[in-house]
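The block underneath contains the structure these notes are about, expressed in structure tokens.
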DNA sequence: GTTCACAAATGAATCGATTCATTACAAAGG
DNA sequence: CCTTTGTAATGAATCGATTCATTTGTGAAC
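Protein chains in written order, with UniProt numbering: chain A, 1 to 338; chain B, 1 to 338.
Quick look at the structure:
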């Protein structure tokens, strides 16, 4: 057996015949150690299989090299992509990212914030679900700043990175009109979700500007099943009353609509065009590739992490800023001009 | 401002007029503290906004309440589902799960194992990518056991939780034959992936037993794009030579095939049936719902975490075991009997 | 009133790495 | 030969919570 279970710094020092301070220097300021001792220490580390104890390290230094990230739903590819972007930046700063899932549950959300605080993470990236802004303020007063992700900070108390959903909604509807729609509809809800509200607002404005009315199908959620249900409802309308194009508040809904229309033998886009929102991978992968509004997921995570590091590193001079990306249309077959 | 930035246990003790030991007791063995002092301590904790320092805690106690989980690809819903299952169990044991992404990169894989070791996690759940078994042995010798996930441990050195891919392959092919196929094909690769090899083997055996030959389309990867490419190739074959059913090694490939067949105006399942593997959410959500072989993702994560805790809690009596789940067919429209 | 049993509370020692004031030593300058 | 300057190395003090051997306090039993 080449290595001993619990080798600690002291053991390394003993084996190498140097002081603990020197071993620590080899680890943290190698340039200050003579080559001779350095190599002896490294050999000892290797021989003992010494692994630094991160708990002791961060207890003494008072800081952990980690960020906490709390998202609404890890199963949603949108959030994993954002997280990957953030992780890249964290890695560049030699930090690690602890990813947690609030699963749209206020209790879990608070529990994870507690955990982050106990673990003394350097900062938090969060897509808030419940009423946590006050709590985040408190955390900042204790030295743990946070950045809001996929949510606009309205009061300048936080940095935030979000997407202009109003613009996205307008883009989507304009695209449908350009493709020849004269009876467009919006499918989505609940309107208590800011994103839904904004996307609808943008679409409604665009319709109004074009002098077209926008039919509304309000839904209690944004799930696939709901899309299929609304799709069946729409399919059963008389052709003259039926929308000739639908803007769905997200891709899940849109895919549900698509499946329903296929089952009801409506042709997409000839009988009815569809545009979704988010541009998830599967948008391009359905039998009829789905047009969608695409968000720069990776960039969102990167920018958020960068803002967070700015606040961590320069708490004094740091000024909160709101980054708002403009989402882009990706036109595919589901809206091909007739 | 109701609370002080860095309140520590000593401050709480001072404010409550008790010793540090008593505060610690309130936190860790409340039943040993008189109600009177207990309430004073709790009030002080509240007033100061005291938050336990996890680093100090685990330095002293020698153990962290956390598990590490290292998966091949966090973007793959299969792994997030497995992780959620594991997290449930971890939570029940009052542990937290640190999720990391090796992204099919040996370097990252090793780096994260280092990190886990530095953080002194109690154990590791891993879907190995590179040659890490030796490394995992070393980690166990230093007190950090691990369980293999979605990978069979062949040598009894580890616990493992996996799925019987051979049986799954046989189930898939049998289903196609039952649905009337006489010229089935297998699409997938590379065969260096054990899963692909096993799924093919199961299918080939089932075909042989039925006295039918199984055509093979080998691919260099399992991505959507590849499926579309092979789909185009198959669509251009003469009808008499064309397979009348395809078993794809995973759902991504299957969805690619489906999109290609739709674009080439082949009818599914009338002209060609399709069955995939994994039963990802989108399998049921494509325009033509896809039949697939479903794995108990959640259960895989739960069992793996349970085995890990068994080894953590009873290192002595623990006996390694291999849990192998049998995957199940979910028949949908893409294989409806003609 | 003394002794005993038991519960409650105490606080010094501890975990392991880091830090920094101090010491040791060598080379250069006078 | 002595002083100065600078580089290397040292090791005791420290971070904050936990633990456990010890002390204090209370009531019961005799």
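Quick reminder that beta carbons are idealized off the backbone N, C-alpha and C, glycines included.
A quick note: this is a predicted structure, and the numbers were derived from the prediction, not measured.
Below-9 angstroms beta-carbon distance, residue i vs any chain A residue
i: residue 9 (chain B); result: no
i: residue 32 (chain B); result: no
i: residue 146 (chain B); result: no
i: residue 81 (chain B); result: yes
i: residue 87 (chain B); result: yes
i: residue 107 (chain B); result: no
i: residue 6 (chain B); result: yes
i: residue 324 (chain B); result: no
i: residue 242 (chain B); result: no
i: residue 77 (chain B); result: yes
i: residue 52 (chain B); result: yes
Which residues DSSP lists as bridging residue i, in chain order
i: residue 71 (chain A); result: A:101
i: residue 276 (chain A); result: A:292
i: residue 255 (chain B); result: Bridge partners of residue 255 (chain B): none, in fact.
i: residue 123 (chain B); result: B:67
i: residue 96 (chain A); result: A:66
i: residue 184 (chain B); result: B:245
i: residue 330 (chain B); result: B:292
Inter-residue Cα distance where the pair is residue i and residue j
i: residue 333 (chain A); j: residue 280 (chain A); result: 15 angstroms
i: residue 41 (chain A); j: residue 324 (chain A); result: 50 angstroms
i: residue 10 (chain A); j: residue 67 (chain B); result: 27 angstroms
i: residue 182 (chain B); j: residue 65 (chain B); result: 56 angstroms
i: residue 103 (chain A); j: residue 52 (chain A); result: 34 angstroms
i: residue 140 (chain B); j: residue 302 (chain A); result: 36 angstroms
i: residue 291 (chain B); j: residue 271 (chain A); result: 28 angstroms
i: residue 25 (chain B); j: residue 134 (chain A); result: 30 angstroms
i: residue 169 (chain B); j: residue 278 (chain B); result: 11 angstroms
i: residue 299 (chain A); j: residue 82 (chain A); result: 7 angstroms
i: residue 250 (chain A); j: residue 288 (chain A); result: 16 angstroms
i: residue 49 (chain A); j: residue 23 (chain A); result: 14 angstroms
i: residue 327 (chain A); j: residue 150 (chain A); result: 12 angstroms
i: residue 122 (chain A); j: residue 145 (chain A); result: 7 angstroms
i: residue 143 (chain A); j: residue 57 (chain B); result: 20 angstroms
i: residue 343 (chain A); j: residue 253 (chain A); result: In the structure displayed, chain A extends from 1 to 338; residue 343 (chain A) sits before or after that span and is not available.
i: residue 30 (chain A); j: residue 152 (chain A); result: 44 angstroms
Proximity below 9 angstroms, CB of residue i to CB of residue j
i: residue 217 (chain B); j: residue 187 (chain B); result: yes
i: residue 177 (chain B); j: residue 112 (chain B); result: no
i: residue 222 (chain B); j: residue 193 (chain B); result: yes
i: residue 330 (chain A); j: residue 283 (chain A); result: yes
i: residue 55 (chain A); j: residue 55 (chain B); result: yes
i: residue 237 (chain A); j: residue 203 (chain A); result: no
i: residue 198 (chain A); j: residue 164 (chain A); result: yes
i: residue 215 (chain B); j: residue 185 (chain B); result: yes
i: residue 322 (chain A); j: residue 156 (chain A); result: yes
i: residue 264 (chain B); j: residue 294 (chain B); result: no
i: residue 305 (chain A); j: residue 90 (chain A); result: yes
i: residue 110 (chain A); j: residue 130 (chain A); result: yes
Min CB distance residue i to chain B below 9 angstroms
i: residue 138 (chain A); result: yes
i: residue 224 (chain A); result: yes
i: residue 184 (chain A); result: no
i: residue 20 (chain A); result: no
i: residue 258 (chain A); result: yes
i: residue 252 (chain A); result: yes
i: residue 294 (chain A); result: no
i: residue 123 (chain A); result: no
i: residue 58 (chain A); result: yes
i: residue 255 (chain A); result: yes
i: residue 266 (chain A); result: no
i: residue 133 (chain A); result: no
i: residue 74 (chain A); result: yes
i: residue 84 (chain A); result: yes
Within chain B, the residues that residue i reaches when beta carbons sit closer than 9 angstroms
i: residue 96 (chain A); result: 98, 100, 112, 115 and 119
i: residue 275 (chain A); result: Within chain B, no residue comes near residue 275 (chain A); the closest Cβ sits about 16 angstroms away, beyond 9 angstroms.
Partner residues on chain B for residue i, Cβ-Cβ distance less than 8 angstroms
i: residue 302 (chain A); result: None at all; the shortest Cβ gap to chain B is about 16 angstroms.
Distance cut-off 8 angstroms: residue i Cβ against heavy atoms of the ligand MG
i: residue 158 (chain B); result: Among the components of this structure there are no ligands whatsoever, and the ligand MG is therefore not found.
Contact list for residue i against chain B, beta-carbon separation under 7 angstroms
i: residue 282 (chain A); result: 282
i: residue 321 (chain A); result: In chain order: nothing, as chain B lies at least about 25 angstroms away.
Amino acids of chain A, ordered along the chain, whose beta-carbon sits closer than 8 angstroms to that of residue i
i: residue 387 (chain B); result: There is simply no residue 387 (chain B) to check, as chain B begins at 1 and stops at 338 in what is shown.
i: residue 64 (chain B); result: 55
Chain A residues whose Cβ lies nearer than 9 angstroms to that of residue i
i: residue 49 (chain B); result: 138, 141 and 142
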